[in-house]
Amino acid sequence: MSVASKEYKRITTKTLFEMKRKGEKIAMLTAYDYTMAKIVDHAGIDIILVGDSASNVMAGHETTLPITLDQMIYHASSVVRAIERALVVVDLPFGTYQGNSRQALDSAIRIMKESGGHSVKLEGGAEISESVSRILSAGIPVMGHLGLTPQSIYKFGSYTVRAREDEEANKLKADAKLLEELGCFAIVLEKVPSALAKEVAESISIPVIGIGAGDGVDGQVLVTHDMLGMTHEFSPRFLRRYLDLYIEMGNAFKNYIGDVKSRDFPNKDEQY
Ligand code: KIV
Numbered sequence: 005m006s007v008a009s010k011e012y013k014r015i016t017t018k019t020l021f022e023m024k025r026k027g028e029k030i031a032m033l034t035a036y037d038y039t040m041a042k043i044v045d046h047a048g049i050d051i052i053l054v055g056d057s058a059s060n061v062m063a064g065h066e067t068t069l070p071i072t073l074d075q076m077i078y079h080a081s082s083v084v085r086a087i088e089r090a091l092v093v094v095d096l097p098f099g100t101y102q103g104n105s106r107q108a109l110d111s112a113i114r115i116m117k118e119s120g121g122h123s124v125k126l127e128g129g130a131e132i133s134e135s136v137s138r139i140l141s142a143g144i145p146v147m148g149h150l151g152l153t154p155q156s157i158y159k160f161g162s163y164t165v166r167a168r169e170d171e172e173a174n175k176l177k178a179d180a181k182l183l184e185e186l187g188c189f190a191i192v193l194e195k196v197p198s199a200l201a202k203e204v205a206e207s208i209s210i211p212v213i214g215i216g217a218g219d220g221v222d223g224q225v226l227v228t229h230d231m232l233g234m235t236h237e238f239s240p241r242f243l244r245r246y247l248d249l250y251i252e253m254g255n256a257f258k259n260y261i262g263d264v265k266s267r268d269f270p271n272k273d274e275q276y
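One gets my numbering by counting positions in the sequence shown from 1 and adding 4 to each.
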């Protein structure tokens with residue numbers, strides 16, 4: 005049974021703003037393909053993120069850096085074909101928006117035209133403000149992403165919690181304010197202390213969606229394959245696993261292999 009609010013037939017950026025105003029938490033998950041997106045959407049998720057985490061989860065890369073704009077468009081268009089209710093946010097991949105606002109606009113326009121996604125997500129604050137403004141000026145909704153920004157992993161050096169020190173925390177607070185002023189409709193805050201995330205969420209009017217950012221924000225996002233327990237090797241503290249599909253699926257595959265080898269499958273009722 006769906007636990008989604010019946011009030012909203014279709015989630016828009018306006019709906020999310022309204023949810024924050026009413027104190028209703030926003031639920032967001034990733035999807036990269038049609039079948040998963042259909043299940044997640046029918047369950048009543050508010051936002052589906054076609055994340056560049058597809059680079060890790062779907063393609064097996066160590067980082068999010070290798071995924072291309074064409075590959076993101078392929079994943080996003082598969083997701084868009086499945087959804088009826090959720091707002092679809094598509095990550096602009098590494099190298100398609102940093103340092104060149106004209107290129108950023110072209111990349112965002114390709115995502116919107118070729119995938120049918122509803123909005124784009126970019127990592128960073130002041131350093132990408134020109135790109136954010138230019139995309140917004142074309143009428144494309146933008147979600148920001150601050151804190152641990154995986155496209156900058158080689159600058160950070162590790163995936164540890166960000167903004168524990170005052171200098172980085174102050175920059176993060178200023179960046180969140182700036183993204184709100186520029187006109188972003190929401191911000192993802194990844195892996196930062198919960199007190200800081202709460203302070204940011206309370207200081208701006210747009211929704212703040214956390215991942216490893218505690219319970220004081222306006223919503224939560226997880227990578228679907230992680231919360232389903234398909235990615236066994238990834239076990240950060242913030243991850244709640246709702247299933248152990250790595251084991252469940254492995255058992256199903258073992259049973260199938262056994263049934264084929266033992267000639268139990270197919271039986272008389274399973275053939276023509
Ligand atoms: O790409 C992704 O899945 C993300 C989430 C971790 C927020 O950006």
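In this text, a Cβ means the ideal position worked out from N, Cα and C, and glycines have one as well.
**Message:** So, under 8 Å CB-CB, D50 and E88 are touching, yes? Tell me the CB distance rounded to an integer number of Å.
**Reply:** Residue mapping note: residue 50 aligns to position 46 of the sequence shown, counting from 1. Residue mapping note: residue 88 aligns to position 84 of the sequence shown, counting from 1. Wrong, their Cβ atoms sit about 13 Å apart, outside the cutoff.
task: Taking the CB atoms as reference points, tell me whether A63 and L109 lie closer together than 7 Å.
output: Locating residue 63 in the sequence shown gives position 59, where the first residue counts as 1. Locating residue 109 in the sequence shown gives position 105, where the first residue counts as 1. The Cβ atoms of A63 and L109 do not sit closer than 7 Å to each other.
Checklist entry - From this set, D219, S156, I261, which residue's C-alpha is nearest P70's C-alpha? => result For the purposes of this step, residue 70 is taken as residue 66 along the sequence shown, with counting starting at 1. Cα-wise, what sits closest to P70 is S156.
Next item on the list: Please determine, among L232, Y101, Y250, the residue with the shortest C-alpha to C-alpha distance to L243.
Entry: Sequence index remark: in the sequence shown, residue 243 carries index 239 (1-based). Comparing Cα positions, the closest option is L232.
### Query
What number of angstroms, rounded off, separates the C-alpha of V146 from the C-alpha of V124?
The sequence position of residue 146 within the sequence shown is 142, counting from 1. The sequence position of residue 124 within the sequence shown is 120, counting from 1. Distance between the alpha carbons of V146 and V124 is about 5 Å.
### Task
Tell me, please, which residues DSSP counts as bridged to T100.
For the purposes of this step, residue 100 is taken as residue 96 along the sequence shown, with counting starting at 1. According to DSSP, which records beta bridges pairwise, T100 is partnered with nothing at all.
Three-state class that DSSP yields for K13 in the structure shown
Position 9 of the sequence shown, counting from 1, holds the residue named residue 13. Reduced to three states, the DSSP call for K13 is coil.
- Through-space distance from P211 to K175, alpha-carbon basis: One-based indexing of the sequence shown puts residue 175 at position 171. One-based indexing of the sequence shown puts residue 211 at position 207. Between K175 and P211, the C-alpha separation is close to 19 Å.
Task: Contact belief for L53 with T34 at Cβ below 8 Å, rounded distance in angstroms - done: As a position in the sequence shown, residue 53 is number 49, starting the count at 1. As a position in the sequence shown, residue 34 is number 30, starting the count at 1. Sure, about 5 Å apart at Cβ, within 8 Å.
Query raised in the report: Given a threshold of 16 other Cβ atoms within 10 Å of its Cβ, counted over all protein chains shown, does G262 qualify as buried or as exposed?
Result: As a first step, residue 262 is located in the sequence shown; it is residue number 258 there, counting from the start. Exposed.
Alpha carbons only, please: which of R241, V264, H236 is nearest the one belonging to E252?
For the purposes of this step, residue 252 is identified with residue 248 of the sequence shown, where counting begins at 1. Comparing Cα-Cα distances from E252 to each of R241, V264, H236, the minimum goes to H236.
N255 burial status per 10 Å Cβ neighbour count (16 or more: buried): Position 251 of the sequence shown, counting from 1, holds the residue named residue 255. Looking at its Cβ environment, which holds fewer than 16 other Cβ atoms inside 10 Å, N255 is exposed.
Since S135 and Y158 should fall inside the 8 Å C-beta cutoff, what is the C-beta to C-beta distance between them, to a whole number of angstroms?
On the sequence shown, position 131 is the one that residue 135 refers to. On the sequence shown, position 154 is the one that residue 158 refers to. That pair is no contact at about 20 Å.
Cβ neighbours of S119 in the same chain (closer than 7 Å, five flanking residues each side left out) | Against the sequence shown, residue 119 aligns to sequence position 115. So the qualifying residues of the chain are I77, A80, S81, V84, V94.
### Message
Given 6 Å as the limit, tell me if E34 has its C-beta closer than that to any heavy atom belonging to the ligand KIV.
### Response
Numbered from its first residue, the sequence shown carries residue 34 at position 30. The amino acid occupying residue 34 in the given sequence is Thr; Glu does not appear at that position. Set against 6 Å, the gap from the CB of T34 to the closest heavy atom of the ligand KIV is smaller.
Which same chain residues end up closer than 7 Å to L73 when comparing Cβ atoms and leaving out the 5 residues on each side of it in sequence? Here residue 73 is taken as the residue at index 69 of the sequence shown, counted from 1. P97, T100, S111, R114.
Three-state secondary structure assigned by DSSP to A108:
Taking the first residue of the sequence shown as position 1, residue 108 is located at position 104. Taken through DSSP and simplified to helix, strand or coil, A108 comes out as helix.
In the DSSP output, which residue or residues are listed as bridge partners for G214?
Taking the sequence shown and counting its residues from 1, the one referred to as residue 214 is at position 210. Partner(s): L193, Q224.
Mapping DSSP to helix, strand and coil, what is S125? Walking along the sequence shown from the start, residue 125 turns up at place 121. The sequence as given places Lys at residue 125; Ser does not occur at that position. Three-state result, K125: strand.
Kindly examine the ligand KIV and report whether one of its heavy atoms sits closer than 6 Å to the Cβ of D230. Stepping through the sequence shown from its first residue, residue 230 is reached at position 226. No, since every heavy atom of the ligand KIV falls outside the 6 Å radius drawn around the Cβ of D230.
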